[in-house]
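Below: one structure, written as structure tokens.
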DNA sequence: CGGTAGGGATTGTTGAACAATTCCACAAGA
DNA sequence: TCTTGTGGAATTGTTCAACAATCCCTACCG
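Protein chains in written order, with the working numbering: chain H, 387 to 633; chain W, 387 to 633.
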């Protein structure tokens with residue numbers, strides 16, 4: 387094919403790596419841009435879990451038609467950020483305690499496998515260290531929101547050690563889902579703060595090329611975090627039961 | 387709330403567990419049903435990788451509007467079965483060799499972690515054995531298509547050992563993507579057949595409660611399969627290069 | 001031979017319309 | 001009082017038609 391020949395010529399003229407900028411040129415459809423806006427809003431808690439997203443209202447507010455908006459909804463539903471109920475609309479998802487357990491089950495598998503693979507090779511772990519420092523900085527300035535974000539990024543970098551595009555995407559979605567969990571239990575400050583020193587410990591093991599040691603620490607880390615979240619869910623459920631009984 | 391009180395009464399009258407049948411009453415939207423049809427067609431090779439799916443043609447053929455069809459397309463695009471190119475349409479995805487490598491990278495992580503967790507506990511592994519037998523049967527009767535299907539199911543059962551809904555979904559998508567790979571290289575008969583005895587070996591280790599042993603076998607299994615597929619890709623690329631040079 | 005200007009086809013997006021379904025309030029009945 | 005219909009209003013599900021934006025292909029011209 388002529389097309390193939392053409393491609394070869396381009397490859398050979400020294401622009402390799404240019405395709406990384408593909409995302410900048412690639413125009414996105416309206417539906418994708420709308421999904422991006424909604425995704426961000428959900429992440430920052432503008433739309434709270436359980437809330438309904440009206441096609442009419444949001445469509446008017448964003449200036450897009452219902453059809454386009456529905457395409458965006460589909461996207462986010464597939465990411466488990468929204469729950470679609472036939473003839474009732476879409477709602478910001480409320481992760482159940484089973485979801486939390488399942489999310490951590492997957493995180494343990496993915497993240498532990500990723501750090502287990504690190505060796506003493508002269509690999510650069512600057513990106514990970516960067517996220518740890520970001521967390522420290524946020525804690526020092528008392529910026530709790532940034533602290534949570536930095537913590538999420540730290541774990542995404544850990545997962546990225548596996549070097550798999552699909553793993554990155556999966557972890558990205560898991561953490562987005564976790565943000566929903568944080569929103570429904572509030573008090574994220576105390577939650578993230580206590581894990582800061584452990585981030586350092588894990589980073590140390592990684593930089594030392596001790597994958598097995600890092601895995602062990604990380605597993606304990608994830609187990610503790612899960613237990614804490616599940617406990618908070620139990621409290622919530624208990625409180626709800628007491629409230630309904632009192633009424 | 388009155389509603390809560392109502393719920394409590396129902397809970398106590400012995401219908402606990404009924405919500406498991408929720409899926410049976412849940413009607414699906416047209417878009418989801420359309421996506422199901424297309425997904426099946428793609429899996430069985432009716433739509434071949436690289437082929438374009440015309441909104442007009444398929445919409446007419448299935449009797450749904452373009453808008454509804456587009457919602458279905460979004461669903462499948464998100465599953466990596468279709469590739470959406472702005473203003474050009476949707477195409478059945480052509481997995482690259484990088485995709486193959488990445489798919490196997492994830493499979494190694496997921497499936498190995500799943501089998502590693504099995505212990506000597508009196509768990510029932512009937513479902514796995516069932517899939518192995520299915521593969522044997524297909525091979526005996528020379529039904530190569532069923533053989534491939536049975537093999538896929540076998541691996542899905544392995545992954546299911548992790549007991550995670552999200553892992554199951556992920557593996558389901560990975561195998562759907564792999565089907566695309568098989569379609570573009572044809573000759574799936576020989577590919578799957580040679581792995582039949584290894585299925586048995588792995589099942590044996592699992593039934594013996596030897597998770598570590600099973601993991602070792604499975605890892606080798608996946609490495610070999612990946613190597614074979616990558617090799618086939620290289621051949622294909624070589625053939626394509628020769629063809630374009632001759633032209 | 002390479003560039004380019006048109007024209008046809010396809011997708012992107014909108015707005016309106018109607019059917020199907022859910023929700024809510026209120027009344028009727030046990 | 002509690003349950004059980006029964007309306008109408010509101011919302012979603014789906015289709016249709018229209019137009020803009022973009023792409024692909026061909027023919028033309030330097």
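Where is the CB? At the ideal position from N, CA and C, for every residue including glycine.
With C-beta atoms as the reference, is residue i less than 9 Å away from residue j?
i, j, result
"residue 539 of chain W", "residue 520 of chain W", "yes"
"residue 467 of chain W", "residue 425 of chain W", "yes"
"residue 553 of chain W", "residue 491 of chain H", "yes"
"residue 518 of chain W", "residue 546 of chain W", "no"
"residue 456 of chain W", "residue 418 of chain H", "no"
"residue 568 of chain H", "residue 611 of chain H", "no"
"residue 495 of chain W", "residue 495 of chain H", "yes"
"residue 439 of chain H", "residue 475 of chain H", "yes"
"residue 450 of chain W", "residue 595 of chain W", "no"
"residue 534 of chain W", "residue 478 of chain W", "no"
"residue 551 of chain H", "residue 488 of chain W", "yes"
"residue 548 of chain W", "residue 472 of chain H", "no"
Between residue i and the rest of its own chain, which residues show a CB-CB distance below 7 Å, the 5 nearest in sequence each way excluded?
i, result
"residue 622 of chain H", "571"
"residue 452 of chain H", "441, 445"
"residue 483 of chain W", "616, 619"
"residue 529 of chain W", "none"
"residue 582 of chain H", "521, 522, 525"
"residue 585 of chain H", "518, 521, 540"
"residue 515 of chain W", "589"
"residue 399 of chain H", "Only weak support exists for where residue 399 of chain H lies, its pLDDT of 39 falling under 50; the coordinates are left without a value."
"residue 625 of chain H", "none"
"residue 597 of chain W", "501, 502, 503, 504, 505"
"residue 428 of chain W", "467, 478"
"residue 420 of chain H", "448, 450, 454, 455, 458"
"residue 431 of chain H", "569"
"residue 579 of chain H", "525, 533"
"residue 591 of chain W", "599, 600, 603"
Leaving out five residues on either side along the sequence, give the residues of the same chain with a beta carbon under 8 Å from the beta carbon of residue i.
i, result
"residue 588 of chain H", "501, 544, 600, 603, 604, 607"
"residue 692 of chain W", "Since the first residue of chain W shown is 387 and the last is 633, residue 692 of chain W is not available in this structure."
Hey, residue i and residue j are a contact pair by Cβ (cut 8 Å); roughly how many whole angstroms apart?
i, j, result
"residue 564 of chain W", "residue 435 of chain W", "Not really, about 12 Å apart at Cβ, beyond 8 Å."
"residue 461 of chain H", "residue 541 of chain W", "Actually they do not touch by this definition, with Cβ atoms about 28 Å apart."
"residue 499 of chain W", "residue 562 of chain H", "That belief does not hold up - the Cβ atoms of residue 499 of chain W and residue 562 of chain H are roughly 22 Å apart, past 8 Å."
Given residue i, which residues of its chain have a CB within under 6 Å of its CB, disregarding the five upstream and five downstream residues?
i, result
"residue 532 of chain H", "524"
"residue 410 of chain W", "Note on residue 410 of chain W: pLDDT 48, under 50, position unreliable in the model; no value is reported."
"residue 613 of chain W", "none"
"residue 593 of chain H", "511"
"residue 575 of chain W", "530"
"residue 433 of chain H", "427, 478"
Is it the case that the CB of residue i approaches a heavy atom of the ligand GTP more closely than 8 Å?
i, result
"residue 562 of chain W", "Inclusion of the ligand GTP in the displayed structure is not the case, the ligand content being empty and no account of it being possible."
(message) Check whether the segment 460-475 of chain W and the segment 415-434 of chain W are in contact - that is, three or more C-beta pairs closer than 8 Å.
(response) yes
Fully enclosed by the segment 425-503 of chain H, which alpha helix (DSSP H) runs are 4 residues long or longer? 441-448, 452-464, 483-502
* To do: Entirely within the segment 559-590 of chain H and at least 4 residues each: give me those alpha helix (DSSP H) ranges in chain order.
  => 574-579
- Task: Output the residue ranges of the beta strand (DSSP E) runs that lie fully inside the segment 514-564 of chain H and measure 3 residues or longer, sorted by chain position.
- Result: none
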